[in-house]
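Taking it in order: structure first as structure tokens, then the write-up.
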Amino acid sequence: MLKIENLNVKYGAIHALKGISLSVDEGAVVTLIGANGAGKSTTLKAISGLMQPSEGSIEYQGNNIAGIPAQEIVRRGISQVPEGRRVFANLTVAENLDLGAYLEKDKAVIKDNFVKVFNKFPRLEERKNQLAGTLSGGEQQMLAMGRALMSRPKLLLLDEPSMGLAPILVQEIFDIIKEINEAGTTILLVEQNAHMALSVAQKAYVIETGKIVLQGTASELRESEEVKKAYLGG
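Okay, so the sequence shown: first residue is 72 according to this note's numbering, each after it adds one.
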């Protein structure tokens, strides 16, 4: 479904991604793990059109989408849940969700999308008229995920969904990620919590200073001494 080859991204003089290659099969959960500043978020931003690669290809469903505007990427079926949630604090929950469906003109489809999101996140329905800025961190994460799902993506990019959440909420968010995947959405998950990421993914990549240094099945990486030492506290 997604194939990245020799992707290079530069921020001015900083070479953030140095020739990374990875692939995501349709229906899978693939995770990209690594320390802060390793290039995880930059990878997602390049896929979703928020950053322009200096070199390399990003092939999605057989077409190279590198350099295509972000709104066109969404139209093609890719949605991103940004790091830090980035909800619109001064808008209600319902208004935030509505913005996620901005490309959809059919009101019946939008209504159906609301029903699906509220089924997955009942707390959002309870708080639909509440300002997003007054929600707890966990609820804001649910809102950010719900907003991305309003466009019915085929591929969902998740950037650090567990960041800043209490352990009990982290488990809840990861249970929801599994549900979203089981309902048919392919997921590329960027996450510092390697233990949780490897528990839901089938395939995993480790990125360090802009380069992929390890890859394999999630179970292989769980058993890797390097991964245990660096990311699993082993």
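Where is the CB? At the ideal position from N, CA and C, for every residue including glycine.
Residue i, enclosing beta strand (DSSP E) - first and last residue
{"i": "Glu76", "result": "Leu73 to Tyr82"}
{"i": "Gln263", "result": "No beta strand (DSSP E) holds Gln263; DSSP gives it neither H nor E."}
{"i": "Glu279", "result": "Lys274 to Glu279"}
{"i": "Leu103", "result": "Val100 to Ile104"}
{"i": "Ser92", "result": "Ile85 to Val95"}
Start-to-end residues for the alpha helix (DSSP H) that takes in residue i
{"i": "Ile358", "result": "With the chain running from 72 to 305 in the structure shown, residue 358 is simply not present."}
{"i": "Ser290", "result": "Ala289 to Glu294"}
For residue j and residue i, the rounded distance between their alpha carbons
{"i": "Val164", "j": "Glu297", "result": "42 Å"}
{"i": "Leu227", "j": "Leu259", "result": "6 Å"}
{"i": "Lys89", "j": "Ile139", "result": "20 Å"}
{"i": "Arg156", "j": "Gly217", "result": "11 Å"}
{"i": "Ile283", "j": "Ala301", "result": "15 Å"}
{"i": "Leu269", "j": "Phe245", "result": "11 Å"}
{"i": "Glu292", "j": "Ala117", "result": "A small fix is needed here, since residue 292 is Leu in this sequence, not Glu. Cα-Cα distance, rounded: 25 Å."}
{"i": "Ala203", "j": "Phe189", "result": "15 Å"}
{"i": "Gly76", "j": "Val145", "result": "For the sequence presented, residue 76 should be read as Glu rather than Gly. Their backbone Cα atoms lie some 21 Å apart in a straight line."}
{"i": "Gln142", "j": "Asn200", "result": "27 Å"}
{"i": "Met267", "j": "Gly287", "result": "16 Å"}
{"i": "Lys225", "j": "Pro193", "result": "22 Å"}
{"i": "Glu154", "j": "Met234", "result": "8 Å"}
{"i": "Lys182", "j": "Ser222", "result": "12 Å"}
{"i": "Ile278", "j": "Leu285", "result": "7 Å"}
{"i": "Gly219", "j": "Ser295", "result": "The sequence shown places Ala at residue 219, rather than the Gly named in the question. If I take the Cα positions, the gap works out to 33 Å."}
{"i": "Ala215", "j": "Lys299", "result": "31 Å"}
{"i": "Leu93", "j": "Gly133", "result": "15 Å"}
{"i": "Ala265", "j": "Asn107", "result": "12 Å"}
Cβ neighbour criterion (16 or more within 10 Å) applied to residue i
{"i": "Thr205", "result": "exposed"}
{"i": "Asp230", "result": "buried"}
{"i": "Pro124", "result": "buried"}
{"i": "Ala109", "result": "buried"}
{"i": "Gly255", "result": "exposed"}
{"i": "Ala84", "result": "exposed"}
{"i": "Asn167", "result": "buried"}
{"i": "Glu262", "result": "buried"}
{"i": "Val186", "result": "exposed"}
{"i": "Ala237", "result": "exposed"}
{"i": "Ala272", "result": "buried"}
Any C-beta of chain B under 8 Å from that of residue i
{"i": "His86", "result": "Looking for chain B here will not work: only one protein chain is present."}
- Stretch pair the region 205-212 + the region 148-160: three plus CB contacts closer than 8 Å: yes
- In the region 106-171, which residue ranges form an unbroken beta strand (DSSP E) of at least 3 residues, counting only runs that do not cross its ends? 126-131 and 149-152
- Query: Which ranges would you report for the beta strand (DSSP E) in the region 211-261 if only whole runs of at least 3 residues count?
  - Reply: 226-230
- Message: Check whether the region 75-83 and the region 106-119 are in contact - that is, three or more C-beta pairs closer than 8 Å.
- Response: yes
- Segment contact flag, the region 97-107 with the region 140-152, C-beta cutoff 8 Å, min 3 pairs: The region 97-107 is not in contact with the region 140-152.
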